[in-house]
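Worksheet for the structure shown next.
Numbering (our numbering), first residue to last: -11 to 370.
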């Protein structure tokens, strides 16, 4: 999911402390978030990743506080406000903004395009920044554009966003369309490249078509459990289990509306009573809203992790926060990326072992990326 960003930096601009490689210290455990919308804040140059900001949910100081070793930054453009060609240009501009911002902090960040580079960043004390493209509209129905985005560093493609593309159905549509023949060629080309196929935001029929088409494991980069919260962006138990059976991973989304039906009802009622305006202060609006309707407890989010584990196994679940994409509507104890240890602590209280928790925090995500890379083919495109 993605939302618009406000403009001022709102943080302390002092750079974070560099952490050079120290072989005498053990490398930290992998903590990898598969979906943060922070690039929307970076695009106009007003947000400083090196500052401890008072807006947004992700920056270097808070990633360090959370023990985060890798983040997939979402390249998002609106599927409803732009033409597909306009979205291609905006995607290129956002990728450029990410690359430029990462280059500003060589002591803290490393742009990564493979599982080996994610591992190398962790061992050297850097945070790996990986890119994923959130919406198939950004390839403009062109395999050449898909390949170009891959060459620029994108390592997953979310096949749709809020509306159908000409070749795949979106969960935002009531039509429940599946993959076209061209859509199947997109999946095959992503397999060939070694690019993660992301089914968050797709229709149910597209999910099943993707599972039938892909020769490599697939992922949901930021989806939760439909059995616990009925939003159609979430995955049914049957879908979660089928994806896991083929080696895939569901990365749990933290957005209140996707994890708690009662919150979703309160949110809809409040939004109807308090219409938003384009010129309004989004952060102030969120604060007012949350003060009025409250946040779900952290246990509501942990229930989604535990449910997915029970359905699909401990090796099929990971982190997919949607930080910086949900206007701050996050559960208690998970208001920003510094609080990721609360997930580990919560799972430990539910009697999961450290080895099991480490899989959820990052090892499962790294494993599925390695398997997709291993399945990639060398040679020219079809």
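Beta carbons are placed, not taken as given, at the ideal position from N, Cα and C, and that holds for glycine. Every value quoted in this text rests on a predicted model; they were computed, and no experiment measured them.
Practice task
Return the CA-CA distance between residue 54 and residue 325, expressed in angstroms with no decimal places.
Solution key: Between residue 54 and residue 325, the C-alpha separation is close to 6 Å.
Exercise for the section: Taking residue 68 and residue 150 to be in contact with their CB atoms under 8 Å, please state how far apart those CB atoms are, rounded to whole angstroms. Expected result: Yes, residue 68 and residue 150 are in contact; Cβ-Cβ is about 6 Å, under 8 Å.
Practice task
State buried or exposed for residue 276, treating a residue as buried only when at least 16 other CB atoms are found within 10 Å of its CB.
Solution key: Counting other Cβ atoms within 10 Å of its Cβ, residue 276 stays below 16 and is therefore classed as exposed.
Handout entry: Proximity below 8 Å, CB of residue 283 to CB of residue 320
Key = Yes, the pair counts as a contact, with Cβ atoms nearer than the cut-off.
Exercise for the section: Measure the Cβ-Cβ separation of residue 207 and residue 144 and say whether it is below 8 Å. Expected result: Judged by their CB atoms, residue 207 and residue 144 are nearer to each other than the 8 Å cut-off.
Problem - Cβ neighbours of residue 336 in the same chain (closer than 8 Å, five flanking residues each side left out) - result: Excluding residues up to 5 positions away in sequence, 342, 345 lie with their Cβ nearer than 8 Å to the Cβ of residue 336 in the same chain.
Handout entry: Beta-carbon proximity list for residue 75, same chain, < 8 Å, skipping 5 on both sides
Key = Result list for residue 75: 65, 66, 67, 123, 125, 126, 128, in chain order.
Exercise for the section: Using a threshold of 8 Å, state whether the C-beta atoms of residue 234 and residue 205 are closer than that. Expected result: It is a contact, given that the beta carbons lie within the stated cut-off.
Practice task
Output the boundary residues of the alpha helix (DSSP H) element that contains residue 246.
Solution key: Its alpha helix (DSSP H) spans residues 244 to 247.
Exercise for the section: Give the DSSP-derived three-state secondary structure of residue 360 in the structure shown. Expected result: For residue 360, the three-state secondary structure derived from DSSP is helix.
Practice task
With DSSP collapsed to three states, give me the class of residue 306.
Solution key: It is a strand residue.
Practice task
Assign residue 188 to buried or exposed, taking buried as 16 or more other Cβ atoms, counted over all protein chains shown, within 10 Å of its Cβ.
Solution key: Buried, because 16 or more other Cβ atoms sit within 10 Å of the Cβ of residue 188.
Practice task
Look at the alpha carbon of residue 141 and the alpha carbon of residue 218, and state the distance between them as a whole number of angstroms.
Solution key: For residue 141 and residue 218, the distance between alpha carbons rounds to 34 Å.
Handout entry: Per-residue DSSP class, three states only, for residue 2
Key = Low per-residue confidence applies at residue 2: pLDDT is 36, beneath 50, and the placement is therefore not dependable enough to give any value.
Exercise for the section: State whether the stretch 280 to 296 contacts the stretch 14 to 27, with contact taken as three or more CB pairs (one from each stretch) at a distance under 8 Å. Expected result: Inter-segment contact for the stretch 280 to 296 and the stretch 14 to 27 is absent: fewer than three beta-carbon pairs are separated by less than 8 Å.
Practice task
Label residue 29 either buried or exposed according to how many other C-beta atoms from any shown protein chain fall within 10 Å of its C-beta, with 16 as the threshold for buried.
Solution key: Classification for residue 29: buried.
Exercise for the section: On the DSSP bridge assignment, give the partners of residue 146 in chain order. Expected result: Under DSSP, residue 146 shares a beta bridge with 122, 186.
Exercise for the section: State the start and end residues of the unbroken alpha helix (DSSP H) segment that holds residue 198. Expected result: Its alpha helix (DSSP H) spans residues 192 to 201.
Problem - Simplified DSSP state of residue 20, which is helix, strand or coil - result: Residue state for residue 20 is assigned as strand, using DSSP reduced to three classes.
Practice task
Report whether the distance from the Cβ of residue 46 to the nearest heavy atom of the ligand ZN is below 7 Å.
Solution key: The ligand ZN is absent from the structure shown, which contains no ligands of any kind.
Practice task
Can you have a look at residue 220 and say buried or exposed, based on whether 16 or more other CB atoms are within 10 angstroms of its CB?
Solution key: A residue is called buried when at least 16 other Cβ atoms come within 10 angstroms of its Cβ; residue 220 does not meet this threshold and is exposed.
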